[in-house]
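Visitor:
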Amino acid sequence: MATTMEHPVGAPQQQQEAAAAATAATSSSSSGPIIIDTQHDDMVHDSQLDYYGCKLATASSDRTVKIYDVSGNTYAHTATLQGHEGPVWEITWSHPKFGVVLASCSFDGSVLIHRESPPGSWTLIHAARGLHDSSVNGVTFAPHEYGLMCAAASSDGRVSFLSHNEDDTWSVEYVNDNSLGVNAVTWAPYVPLANAGGGNPDEGEQQQPRVATAGCDNRIRFWTRSSATGSWEEETTPLGHGASHTDWVRDVAWAPPIVPGVDVVASCSEDGTVIVWTHKDGGGDADGTNGTWEPTLLNNFGEPVWRLSWSVTGSILAVSSGDSTVTLWKAGLDGTWKQVTQVEDVVGGGGSAGGGAESAAAPAAPGGVQQ
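Structural data, given as structure tokens:
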């Protein structure tokens, strides 16, 4: 299996090859793509660059995760991580303040967390086996301001939150999202309250963690950890009626903040649509429980859309769709979304590198949800 990566790179915790494409669109294109033969024995479902863009991890149906060091136009395979008992759907790197830490999720209902220390030596630091009763379809680390914590979305309809404690143990919390299953989860970026449209915060007050989920019930949901109880609660902010999904929501991506007090979330669906949801904080509540999430239809691609990824500036959205393309979109001053460019397939070695990228972006059962 081959996968492609645009160079230069450097986007932290972005989604697979779409992230590299989004980053490349805002940087110099003097260098061509790097074509990586992963040597996986089965389909590649995900590929993720670390915070610095120097390490690449790939996840496959062969039940392994492979690690590569990337430098310039060269790469070197450095490790193969095993332990999952089913296809590995998704992987995520932590912020480097916690070291070189990688989490992976699988059809086997587990999340495994590995750390590299010393360089070249990987250790399993936590095995959350049986974390869910069904396939774990998505996993992602929280902003580092909340500590070492990751969220996992599962076909059993729940989202789990794994948190590392000071005594080196791990705790887990669950929320029941919907009975049909959850395909993906994304964290809201951390924004200091003084910059979040929340007025003058009290001394020691901080923004509470928030996530958005993509469900098999054709809708997205928003969850906030309550500052009063410490438990996760579903937000009551209503969704607007201008546009909606009519099939499974496959992915959801929270945009990096651009305008204070404005949240932007993109969602994509099996129905071929991508919707951009915008919430404006009008009442000063830092947890975003007022106002409405107003939808804007970005495009109907006519094919299932599997993955989304924002550029680090939050201005460009990469879309990976079932027609084997990755397109880049940007909103104009009038709020209308227009396609900026399309990432072209690159032929190299024994075949099209686009085939490898397609494997990562649009597997037979993207996200691993049982059909």
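This note's numbering numbers the first residue of the sequence shown as 15 and each following residue consecutively. The C-beta atom is built at its ideal place from N, Cα and C for all residues, glycine as well. Keep in mind that this is a model prediction, so the values were computed, not measured.
1. Within this structure, are the beta carbons of VAL288 and LEU253 separated by less than 9 Å?
2. Using the Cα positions of ASP348 and GLY316, report the straight-line distance between them to the nearest angstrom.
3. From LEU126, GLY346, GLY113, pick the residue whose C-alpha is nearest to that of VAL79; which is it?
4. Only counting the same chain, and skipping five residues up and downstream in sequence, which positions put a Cβ closer than 8 Å to that of GLN356?
5. Which residue wins for smallest C-alpha separation from GLY305, given the options VAL173, THR250, GLU180?
6. Let me know the beta strand (DSSP E) ranges lying completely inside the segment 247-299, each 3 residues or longer, listed in chain order.
7. Return the first residue and the last residue of the beta strand (DSSP E) that SER177 is part of.
8. Is it true that the CB of SER149 sits closer than 9 Å to the CB of ASP191?
9. Would you call the CB atoms of LEU70 and PHE112 closer than 9 Å?
10. Count the C-beta pairs between the segment 128-148 and the segment 196-208 that are closer than 8 Å, then say yes if the count reaches three, no if not.
11. For SER174, which option in HIS109, ASN151, THR183, HIS158 has the closest C-alpha, if you only look at C-alpha atoms?
12. Return the CA-CA distance between ASP285 and VAL263, expressed in angstroms with no decimal places.
13. ALA242 to VAL279, Cα distance in whole Å?
14. Rounded to whole angstroms, what's the CA-CA distance from GLY297 to PRO274? Just pull it up for me.
15. Secondary structure at LEU207, three-state DSSP: helix, strand or coil?
16. Buried or exposed, going by whether 16 or more other CB atoms sit within 10 Å of the CB of GLN221?
17. Taking 6 Å as the limit between beta carbons, can you name the residues of its chain near ASP76, skipping five residues before and five after?
18. On a Cα-Cα basis, can you pick out the residue from GLY244, PRO203, HIS140 that is closest to TYR188?
19. Taking the beta carbon of LEU419 as the centre, do at least 16 other beta carbons fall within 10 Å, making it buried, or is it exposed?
20. Run the CB neighbour count on TYR66, radius 10 Å, all protein chains shown included, and call it buried at 16 or more, exposed below.
21. Looking at the strands, I want to know which residues DSSP matches up with THR200.
22. Between THR154 and ALA141, which are expected to be in contact by the criterion C-beta below 8 Å, what is the C-beta distance as a whole number of angstroms?
23. With a threshold of 16 other CB atoms inside 10 Å of the CB of THR327, please say whether the residue is buried or exposed.
24. Looking at the structure shown, is HIS59 part of a helix, part of a strand, or coil, going by DSSP?
25. Quick check: what's the CA-CA separation for TRP103 versus ILE49?
26. Under a Cβ-count criterion, where at least 16 other Cβ atoms within 10 Å of its own Cβ denotes burial, should GLN96 be classed as buried or exposed?
27. In this structure, how does DSSP classify PRO309 when only helix, strand and coil are distinguished?
28. By DSSP, does ALA25 sit in helix, in strand, or in coil?
29. Take THR92 and list the residues in its own chain whose beta-carbon comes closer than 7 Å to its own, dropping the five residues that flank it on each side.
30. Going by DSSP, what residues sit across from LEU70 in a beta bridge?
31. Please check the pair GLU247 and SER240, which I expect to be a contact at CB under 8 Å, by giving their CB distance rounded to whole angstroms.
32. Go through its chain and collect everything with a Cβ distance to PRO157's Cβ below 7 Å, but skip five positions before and after it.
33. Measuring only the C-alpha atoms, how far is THR88 from PRO101?
34. Does DSSP put HIS158 in a helix, a strand or coil?
35. Reducing DSSP to helix, strand and coil, say where PHE236 ends up.
36. Using a Cβ-Cβ cut-off of 8 Å (strictly less than) and excluding sequence neighbours within five positions of GLN353, which residues of its own chain qualify?
Guide: In short:
1. By 1-based counting over the sequence shown, the position of residue 288 is 274. By 1-based counting over the sequence shown, the position of residue 253 is 239. Taking 9 Å as the Cβ cut-off, VAL288 and LEU253 do not qualify as a contacting pair.
2. By 1-based counting over the sequence shown, the position of residue 348 is 334. By 1-based counting over the sequence shown, the position of residue 316 is 302. Computed Cα separation, rounded: 25 Å.
3. Along the sequence shown, read from residue 1 onward, the residue named residue 79 stands at position 65. Among LEU126, GLY346, GLY113, the Cα nearest to that of VAL79 belongs to LEU126.
4. Against the sequence shown, residue 356 aligns to sequence position 342. Same-chain partners within the cutoff: THR339, VAL340, THR341, LEU342.
5. Taking the sequence shown and counting its residues from 1, the one referred to as residue 305 is at position 291. It is THR250.
6. 263-268, 276-283, 287-294
7. Taking the first residue of the sequence shown as 1, we reach residue 177 at position 163. Start and end: 172-178.
8. On the sequence shown, residue 191 is found 177 positions in, with the first residue counted as 1. On the sequence shown, residue 149 is found 135 positions in, with the first residue counted as 1. The answer is no: Cβ separation not under 9 Å.
9. As a first step, residue 70 is located in the sequence shown; it is residue number 56 there, counting from the start. As a first step, residue 112 is located in the sequence shown; it is residue number 98 there, counting from the start. Cβ atoms of LEU70 and PHE112: not closer than 9 Å.
10. no
11. Within the sequence shown, residue 174 is the residue found at index 160, counting from 1. Cα-wise, what sits closest to SER174 is ASN151.
12. Residue mapping note: residue 285 aligns to position 271 of the sequence shown, counting from 1. Residue mapping note: residue 263 aligns to position 249 of the sequence shown, counting from 1. When the Cα atoms are used, ASP285 and VAL263 turn out to be separated by approximately 8 Å.
13. In the sequence shown, counting from the first residue as 1, residue 242 sits at position 228. In the sequence shown, counting from the first residue as 1, residue 279 sits at position 265. Looking at the two C-alpha atoms, the distance is approximately 26 Å.
14. Mapped onto the sequence shown, residue 297 falls at position 283. Mapped onto the sequence shown, residue 274 falls at position 260. Residue placement at GLY297 is flagged as unreliable, the pLDDT there being 47, under the threshold of 50; the coordinate-derived value follows with that caveat. Taking the straight line joining both Cα atoms gives about 13 Å.
15. As a first step, residue 207 is located in the sequence shown; it is residue number 193 there, counting from the start. Three-state result, LEU207: helix.
16. Taking the first residue of the sequence shown as position 1, residue 221 is located at position 207. Result: buried.
17. Taking the first residue of the sequence shown as position 1, residue 76 is located at position 62. Counting only Cβ-Cβ distances below 6 Å, and skipping sequence neighbours, we find HIS54, ASP55, ASP56.
18. Locating residue 188 in the sequence shown gives position 174, counting from the first residue. Checked all of GLY244, PRO203, HIS140; the closest Cα to TYR188 is GLY244.
19. The first residue shown for the chain is 15 and the last is 385, placing residue 419 beyond what the model contains.
20. One-based indexing of the sequence shown puts residue 66 at position 52. With fewer than 16 Cβ atoms within 10 Å of its Cβ, TYR66 is classed as exposed.
21. The residue given as residue 200 occupies position 186 in the sequence shown. The partner list for THR200 (beta bridge, DSSP) reads ALA226.
22. Counting from one through the sequence shown, the residue named residue 154 turns up at place 140. Counting from one through the sequence shown, the residue named residue 141 turns up at place 127. Contact flag wrong, Cβ pair sits at about 18 Å.
23. Start at 1 with the first residue of the sequence shown, and residue 327 comes out as number 313. Classification of THR327: exposed, given that the 10 Å Cβ count is below 16.
24. Translated into the one-based positions of the sequence shown, residue 59 becomes position 45. The answer is strand: DSSP assigns HIS59 an E or B state.
25. On the sequence shown, position 89 is the one that residue 103 refers to. On the sequence shown, position 35 is the one that residue 49 refers to. Roughly 21 Å between the two C-alpha positions.
26. One-based indexing of the sequence shown puts residue 96 at position 82. Label assigned to GLN96: exposed.
27. Counted from its first residue, the sequence shown places residue 309 at position 295. The answer is strand: DSSP assigns PRO309 an E or B state.
28. Sequence index remark: in the sequence shown, residue 25 carries index 11 (1-based). Because ALA25 sits at a pLDDT of 37, beneath the cut-off of 50, its placement in the model cannot be relied upon, and the following sentence gives the value as read from the coordinates. Note: ALA25 maps to coil in three-state DSSP.
29. Here residue 92 refers to the residue found at position 78 when the sequence shown is read from its first residue. Cβ neighbours of THR92 beyond the five flanking positions: ILE81, TYR82, ASP83, GLY134.
30. Residue mapping note: residue 70 aligns to position 56 of the sequence shown, counting from 1. LEU63, TYR82, per the DSSP bridge assignment.
31. Along the sequence shown, one-based indexing puts residue 247 at 233. Along the sequence shown, one-based indexing puts residue 240 at 226. About 5 Å separates the CB atoms of GLU247 and SER240; that is less than 8 Å, so the two are in contact.
32. Your numbering for residue 157 matches position 143 in the sequence shown. Once the five neighbours on either side are set aside, the close Cβ partners of PRO157 are TRP201, PRO203, TYR204.
33. Mapped onto the sequence shown, residue 88 falls at position 74. Mapped onto the sequence shown, residue 101 falls at position 87. Taking the straight line joining both Cα atoms gives about 28 Å.
34. Taking the sequence shown and counting its residues from 1, the one referred to as residue 158 is at position 144. Residue state, collapsed to three classes: helix.
35. By 1-based counting over the sequence shown, the position of residue 236 is 222. Of the three classes helix, strand and coil, the one that applies to PHE236 here is strand, per DSSP.
36. Counting from one through the sequence shown, the residue named residue 353 turns up at place 339. Excluding residues within five positions, the ones whose Cβ falls inside 8 Å are ASN313, THR341, LEU342, TRP343.
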